[in-house]
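See structure below.
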Amino acid sequence: MPRVDIWDDPESPTVIATFELPGVRREDLAVHVQDHRYLIVQGQRPCRLGNASGVVSATLPSRPVDAANKLVEGEGDVDDQDDQDSDPQQQGKFSRAELRYGRFSRKLDLGPGVFEYQNGHLTADLREGMLTVTWPRVPYGSESENNTRNNSANAMITPIATM
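Shown next as structure tokens:
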């Protein structure tokens with residue numbers, strides 16, 4: 001589930017949600033609204049190394065941190081493979097797997113009427129692994145704020161921009 005920050009300044013005409021989505025491409029992402037109330041962000045982050053079984057390409061160094069240190073110190077190049085003393089059966093396997101890959105979904109309840117106000121227009125912008133979603137603020141005490149209509153109409157969504 002992607003982490004999110006929501007900037008909700010009462011003096012601002014908009015509300016801004018920023019989602020952490022490193023490694024997610026625009027074509028692997030969907031942003032939509034459900035029942036004029038729920039913001040839904042769905043997608044998938046594919047594993048860039050190897051295949052689904054976790055097998056990594058044999059061209060990667062077995063000890064990437066050591067290889068990176070050698071590069072910084074000017075003692076090696078990207079293709080150096082110091083694998084003579086490593087177990088051949090362990091080559092090409094993750095020694096540590098902390099990153100999360102696969103499908104994700106995040107559903108935020110933003111309250112009734114949020115996406116009915118001003119035609120429910122929202123924008124989504126994906127840059128440098130951060131998705132920023134912006135929508136108009138519903139003024140406190142407005143008719144839209146008090147409307148709790150629950151139908152399945154969707155808000156208008158501006159296509160996700162990338163840079």
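For the sequence shown, UniProt numbering begins at 1 and goes up steadily by one. For each residue, glycine too, the CB sits at the ideal point set by N, CA and C.
Quick one: residues in its chain with C-beta nearer than 8 Å to the C-beta of residue i, no 5 flanking neighbours on either side, listed in chain order?
i           : result
residue 165 : Residue 165 is absent from the structure shown; the chain starts at 1 and stops at 163.
THR14       : THR134, TRP135, PRO136, ARG137
Once the 5 residues before and after residue i are set aside, which same chain residues still bring their CB inside 7 Å of it?
i      : result
LYS107 : TYR38, ILE40
PRO2   : PHE19, GLU20, LEU21, VAL41, PHE104, ARG106
Relative to the C-alpha of residue i, which residue among the options is closest?
i      : options                        : result
VAL33  : ARG100, GLY129, LEU110, ARG137 : LEU110
GLU98  : VAL133, TRP7, CYS47            : CYS47
ASP35  : GLU11, HIS121, PRO112          : PRO112
LYS93  : LEU49, ILE6, SER12             : LEU49
GLU128 : GLY23, ASP9, ARG96             : GLY23
Are residue i and residue j touching if we call contact CB-CB under 7 Å?
i     : j     : result
VAL31 : PHE19 : no
Assuming the contact rule is C-beta atoms closer than 8 Å, residue i and residue j should be a hit. Round their C-beta distance to whole Å, please.
i           : j      : result
ALA17       : VAL133 : 5 Å
residue 195 : ARG45  : As shown, the chain starts at 1 and ends at 163. That puts residue 195 outside it, with no answer to give.
From the DSSP output, in three-state form, read off residue i for me.
i      : result
ASP125 : strand
ASP28  : helix
PRO136 : strand
GLY111 : coil
TYR101 : coil
MET130 : strand
PHE19  : strand
ASP5   : strand
LEU49  : coil
Consider the C-beta atom of residue i and the heavy atoms of the ligand SAH; say whether any pair is separated by less than 6 Å.
i     : result
TYR38 : Because no ligand of any kind appears in the structure shown, any question about the ligand SAH cannot be addressed here.
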